[in-house]
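See below for the structure under consideration.
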Amino acid sequence: MGGIGCRCCRRRGWTWLSRFDGSIGPGGGDETGLLSICDPGILPAMSDQSPVVGIVMGSVSDAQTMRQCTAVLEQLDIPYELKVCSAHRTPKRADEFVSTAVERGLKVIIAAAGMSAHLAGVMAAGTHLPVLGVPMKGELMGGMDALLSTCNMPKGIPVGTMSMGSHGAVNAALFAASILALSDPELEKRLLAYRQAQTDAVPEYPPGA
Ligand code: RP5
């Protein structure tokens, strides 16, 4: 597991959160900031639960969007790990991540990538674990390239495709929670409470009506 350089089990209230929030700037991300979070030297003290969700993203530029995903996982107290793994720029890193996922205890993988590099398909090809793909909007075609390459997997190797961008990032976390809740009654309670709070937050009428 020596190559898994960012075993970042994250929960609400840990100090790294403010670093993460502050280090990812709008419109692309701060590479130095993200990598500093993933410095293996600072990780052991942060981890007290084994990650069950593995998040990979194709680029540091995806991190700001995927923060929406990690925020929901933290709300539901689901431990996760996160790594930048590009299907085309760091294929060995991606392969190492997915080929050791089961032995690391992961139950679900969330893969976010833009354009048509198709990180989610690479992850799905390397494991029988459920893989949820989050197409990033990217610069070209409004993200349709990523959406189509993620959802149109040929039969035999499925990828559960979420909507594009931040909506997909949030839904990937909730979908992962639904999968995990099947065998975790306490998580099921937290997920149902989340759903109830969401329902309660919707006003019956718009302001001023
Ligand atoms: C994909 O290419 C990444 O997932 C990212 O969404 C997109 C652009 O990457 P950068 O050029 O910003 O690194 O591989």
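Going by this note's numbering, the sequence shown opens with residue 2, and the numbers climb by one from there.
Note that CB positions come from ideal geometry on N, CA and C, so glycine has one too.
Smallest Cα separation from residue i: which of the options?
| i | options | result |
| --- | --- | --- |
| Phe176 | Gly166, Pro186, Leu192, Met165 | Leu192 |
| Met145 | Ser117, Gly209, Pro204 | Ser117 |
| Pro159 | Asp78, Met142, Val123, Gly169 | Val123 |
| Phe98 | Ala64, Lys84, Arg90 | Lys84 |
| Thr128 | Ala173, Glu104, Leu183 | Glu104 |
| Glu82 | Gln197, Pro52, Met142 | Pro52 |
Are the CB atoms of residue j and residue i within a distance shorter than 7 Å?
| i | j | result |
| --- | --- | --- |
| Ala113 | Leu130 | no |
| Gly1 | Ser87 | Residue 1 lies beyond the residue range present for the chain, which begins at 2 and ends at 210; the question has no answer from this structure. |
| Leu149 | Met165 | no |
| Thr151 | Ala121 | yes |
| Gln69 | Ala202 | no |
| Leu188 | Ala194 | no |
| Gly139 | Gly157 | no |
| Asn172 | Met163 | yes |
Report yes or no: is there a C-beta of chain D within less than 7 Å of the C-beta of residue i?
| i | result |
| --- | --- |
| Ala210 | In summary, chain D is missing from the structure at hand, where a single protein chain is found. |
Helix, strand or coil: how does DSSP classify residue i here?
| i | result |
| --- | --- |
| Lys190 | helix |
| Gly139 | coil |
| Ile79 | coil |
| Val171 | helix |
| Ala121 | helix |
| Met58 | strand |
| Gly144 | helix |
| Ala202 | coil |
| Lys156 | coil |
Could you check if residue i belongs to the surroundings of the ligand SAH, using beta carbon to heavy atom distance under 6 Å?
| i | result |
| --- | --- |
| Met116 | Within the structure as shown, the ligand SAH is missing, the only ligands being the ligand RP5. |
Touch check for the stretch 74-81 and the stretch 171-190: three-plus C-beta pairs under 8 Å? Three or more beta-carbon pairs separated by less than 8 Å link the stretch 74-81 to the stretch 171-190, which places the two stretches in contact.
Answer yes if the stretch 135-142 comes into contact with the stretch 96-110, meaning at least three C-beta pairs across the two stretches below 8 Å, and no otherwise. Short answer: they don't touch.
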